[in-house]
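K.L.:
Residues -20 to -1, 1 to 287 (mature numbering (1 follows the signal peptide of the UniProt record, and there is no 0)) make up the sequence shown, in order.
All C-beta atoms, glycine included, are put in the ideal place defined by N, C-alpha and C.
All values reported here derive from a predicted model rather than from experimental measurement.
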Amino acid sequence: MAALLLGAVLLVAQPQLVPSRPAELGQQELLRKAGTLQDEVRDGAAPNGSAQQLPQTIIIGVRKGGTRALLEMLSLHPDVAAAENEVHFFDWEEHYSHGLGWYLSQMPFSWPHQLTVEKTPAYFTSPKVPERVHSMNPSIRLLLILRDPSERVLSDYTQVFYNHMQKRKPYPSIEEFLVRDGRLNVDYKALNRSLYHVHMQNWLRFFPLRHIHIVDGDRLIRDPFPEIQKVERFLKLSPQINASNFYFNKTKGFYCLRDSGRDRCLHESKGRAHPQVDPKLLNKLHEYFHEPNKKFFELVGRTFDWH
């Protein structure tokens, strides 16, 4: 009887293991879903104590909205670890079939206090992505950067045009894509990518609006610091990025970054001049997006300075 009592006392006195960071527990739960926890703990940690973590934040889009600029600016923060490349985990079947263990292996090594971020602009317009992201982590914070839909269409075309020129392949003019039988070609993919309200409705089926921060891409180009401050607050990061981290490069015509005395600008492929478009056709574009824009503004409860 005394032995039993002693055992009970020792059991009660046993120190309880309390997780110091709920986010770490969340990481373990996510990895258990993939059935790879033990393997990843063994293979995903570095000798210096850093480790790969599933992202707590994803930049989900939009294509040609300024996602690379946003990621580079966010990387100025010491508590942010950013994946270098677009991972395309949730929208490419080949990648998604590899499971969360593979997704984890694409992440940068980071410290426990750091926030891991990845960006894949195609996520926003892919119908299957919101449910997949929610299945991984329903509490994840999402960043969406948007520009004037008409400007985004022109940037979309410009990128594909230059890709063809670099390969010395001919590419039709933008008018050939935008006009069919004398009318605006509503089947043009670049137009569909700019129907923000359609894609946003899909995301709001799985995530509350408070989990999605919309960055004004046009303002980020003109005056990046205030927009980045809003992102810091949304991600609950300490205010570490300063106005001195940005300087206007007159030669390139846009803002570049200054980090610890080192200056860096976005790749030369960014900020390319758009093709000249007939003003009448441009007006057609603006008219086409007028109603979709209104629907988007109502959906998110804010307006943007778009045509």
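Kindly list the residues whose CB is nearer than 8 Å to the CB of K108, restricted to its own chain and excluding five residues on each side of it in sequence; keep chain order.
P.N.:
Counted from its first residue, the sequence shown places residue 108 at position 128. For K108, where only same-chain residues beyond five positions count, the Cβ hits under 8 Å are F70, D71.
K.L.:
Is the separation between the beta-carbon of I125 and that of P255 shorter than 9 Å?
P.N.:
In the sequence shown, the residue the question calls residue 125 occupies position 145. In the sequence shown, the residue the question calls residue 255 occupies position 275. Cβ distance not < 9 Å, so I125 and P255 don't count as in contact.
K.L.:
Shortest alpha-carbon distance to A62 belongs to which of S77, A31, L95, L80?
P.N.:
Here residue 62 is taken as the residue at index 82 of the sequence shown, counted from 1. Ranking S77, A31, L95, L80 by Cα distance to A62 puts L95 first.
K.L.:
For Q181, which residues from the same chain have a beta carbon less than 8 Å from its beta carbon, with the 5 sequence-adjacent residues on both sides left out?
P.N.:
Indexing the sequence shown from 1 puts residue 181 at position 201. Spatial neighbours of Q181 in its own chain (CB-CB distance under 8 Å, excluding positions within 5 residues in sequence) are listed in chain order as L279.
K.L.:
Taking its Cβ as the centre, do 16 or more other Cβ atoms sit within 10 Å of V166, making it buried, or is it exposed?
P.N.:
Residue mapping note: residue 166 aligns to position 186 of the sequence shown, counting from 1. Counting Cβ neighbours within 10 Å, V166 comes out exposed, since fewer than 16 surround it.
K.L.:
Alpha carbon to alpha carbon, what distance is there between E111 and F228?
P.N.:
Stepping through the sequence shown from its first residue, residue 228 is reached at position 248. Stepping through the sequence shown from its first residue, residue 111 is reached at position 131. Rounded to whole angstroms, F228 to E111 spans 40 Å at the Cα level.
K.L.:
Can you have a look at Y142 and say buried or exposed, based on whether 16 or more other CB atoms are within 10 angstroms of its CB?
P.N.:
Here residue 142 refers to the residue found at position 162 when the sequence shown is read from its first residue. Per the 10 Å Cβ criterion, exposed.
K.L.:
Counting pairs of Cβ atoms below 8 Å between the region 71 to 85 and the region 233 to 248, do you hit three or more?
P.N.:
no
K.L.:
Give me the Cα-Cα distance between T16 and V97, rounded to the nearest whole angstrom.
P.N.:
For the purposes of this step, residue 16 is taken as residue 36 along the sequence shown, with counting starting at 1. For the purposes of this step, residue 97 is taken as residue 117 along the sequence shown, with counting starting at 1. Residue confidence for T16 is low, a pLDDT of 45 falling below 50, so the modelled location carries little weight; the figure read from the coordinates is stated next. Using only the alpha carbons, I get a separation of about 21 Å.
K.L.:
For the region 185 to 269, list the alpha helix (DSSP H) runs that are entirely contained and at least 4 residues long, ordered along the chain.
P.N.:
197 to 202, 204 to 214
K.L.:
Please classify K216 as buried or exposed, where buried requires at least 16 other C-beta atoms within 10 Å of its C-beta.
P.N.:
Counted from its first residue, the sequence shown places residue 216 at position 236. Exposed: under 16 other Cβ atoms inside 10 Å.
K.L.:
Assign P2 to one of two classes, buried (16 or more other C-beta atoms within 10 Å of its C-beta) or exposed (fewer than that).
P.N.:
As a working note, residue 2 is residue 22 in the sequence shown. Its pLDDT being 36, under 50, P2 is placed unreliably in this model, and the value from its coordinates should be taken loosely. When all chains shown are included, P2 counts as exposed.
K.L.:
Relative to the alpha-carbon of F284, which residue among H93, N172, V140, V195 has its alpha-carbon at the smallest distance?
P.N.:
Within the sequence shown, numbered from 1, the residue matching residue 284 stands at position 304. Of the candidates H93, N172, V140, V195, the one whose C-alpha sits nearest the C-alpha of F284 is V195.
K.L.:
Classify K44: buried if its beta carbon has 16 or more other beta carbons within 10 angstroms, exposed otherwise.
P.N.:
For the purposes of this step, residue 44 is taken as the residue at position 64 of the sequence shown. Flag for K44 reads buried.
K.L.:
Applying the 10 Å Cβ sphere with the 16-neighbour rule, what's the burial state of R173?
P.N.:
Here the question's residue 173 lines up with position 193 in the sequence shown. Result: buried.
K.L.:
Quick one, are the C-beta atoms of L175 and G46 less than 9 Å apart?
P.N.:
Within the sequence shown, residue 175 is the residue found at index 195, counting from 1. Within the sequence shown, residue 46 is the residue found at index 66, counting from 1. No, these two residues do not count as a Cβ contact at 9 Å.
K.L.:
Rounded to a whole number of angstroms, what is the C-alpha to C-alpha distance between E267 and V257?
P.N.:
The residue given as residue 267 occupies position 287 in the sequence shown. The residue given as residue 257 occupies position 277 in the sequence shown. Their Cα atoms are separated by approximately 15 Å.
K.L.:
Under 8 Å Cβ to Cβ from V159, same chain only, skipping five residues before and after it: list those, please.
P.N.:
On the sequence shown, residue 159 is found 179 positions in, with the first residue counted as 1. N165, L261, listed in sequence order.
K.L.:
On a Cα-Cα basis, can you pick out the residue from Q146, Y168, V113, N225 that is closest to E156?
P.N.:
Within the sequence shown, the letter at position 176 stands for residue 156. Closest option to E156, Cα to Cα, is Y168.
K.L.:
Which same chain residues, not among the five before or five after I221, have their C-beta less than 6 Å away from its C-beta?
P.N.:
Taking the first residue of the sequence shown as 1, we reach residue 221 at position 241. Taken in chain order, the residues that qualify are L56, H57, I208.
K.L.:
Out of curiosity, what's the CA-to-CA distance linking W183 and F104?
P.N.:
By 1-based counting over the sequence shown, the position of residue 183 is 203. By 1-based counting over the sequence shown, the position of residue 104 is 124. The straight-line gap from Cα to Cα measures roughly 8 Å.
K.L.:
Where does A31 sit, in a helix, a strand or coil, going by DSSP?
P.N.:
Numbered from its first residue, the sequence shown carries residue 31 at position 51. Looking at A31 - three-state DSSP - the assignment turns out to be strand.
K.L.:
Going by alpha carbons, who is nearest to A49 out of F205, R282, S224?
P.N.:
What you label residue 49 is simply residue 69 of the sequence shown in a count that begins at 1. The option with the nearest alpha carbon to A49 is F205.
K.L.:
Using alpha carbons as the reference points, say which of F269, P272, L122, L84 lies closest to P188.
P.N.:
Taking the first residue of the sequence shown as 1, we reach residue 188 at position 208. Nearest option by C-alpha distance: L122.
K.L.:
For V178 versus P272, is the C-beta distance shorter than 9 Å?
P.N.:
Here residue 178 corresponds to residue number 198 of the sequence shown, with the count starting at 1. Here residue 272 corresponds to residue number 292 of the sequence shown, with the count starting at 1. In contact: V178 and P272 (Cβ atoms closer than 9 Å).
K.L.:
Measure the Cβ-Cβ separation of V113 and I40 and say whether it is below 9 Å.
P.N.:
Residue mapping note: residue 113 aligns to position 133 of the sequence shown, counting from 1. Residue mapping note: residue 40 aligns to position 60 of the sequence shown, counting from 1. Yes, the pair counts as a contact, with Cβ atoms nearer than the cut-off.
K.L.:
Tell me the DSSP secondary structure of I120 in three-state form.
P.N.:
In the sequence shown, residue 120 corresponds to position 140, counting from 1. In this structure, I120 counts as coil in the three-state DSSP scheme.
K.L.:
When we look at the beta-carbon of residue 296 and count the other beta-carbons within 10 Å, is it buried (16 or more) or exposed?
P.N.:
Missing from the structure shown is residue 296; the chain here goes from -20 to 287 and no further.
K.L.:
Closer than 6 Å by C-beta to L54: which residues in its own chain qualify, once you throw out the five before and the five after it? Chain order, please.
P.N.:
Working through the sequence shown from its first residue, we reach residue 54 at position 74. Taken in chain order, the residues that qualify are V60.
K.L.:
Alpha carbons only, please: which of E73, L265, C245, L51 is nearest the one belonging to G197?
P.N.:
Here residue 197 is taken as the residue at index 217 of the sequence shown, counted from 1. Among E73, L265, C245, L51, the Cα nearest to that of G197 is on L51.
K.L.:
Examine the ligand FMN and report whether any of its heavy atoms sits within less than 8 Å of the Cβ of K274.
P.N.:
Of the ligands one can find in the structure shown there are none, so the ligand FMN has no counterpart to examine.
K.L.:
Hey, could you find the ends of the beta strand (DSSP E) G41 is sitting in?
P.N.:
Locating residue 41 in the sequence shown gives position 61, where the first residue counts as 1. Membership of G41 in the beta strand (DSSP E) is indicated by the continuous run 37 to 41.
K.L.:
For S130, which residues from the same chain have a beta carbon less than 8 Å from its beta carbon, with the 5 sequence-adjacent residues on both sides left out?
P.N.:
Locating residue 130 in the sequence shown gives position 150, counting from the first residue. Within its own chain, the residues whose Cβ lies closer than 8 Å to the Cβ of S130, once the five positions on either side in sequence are excluded, are S174, L262, L265, H266, F269, W286, H287, listed in chain order.
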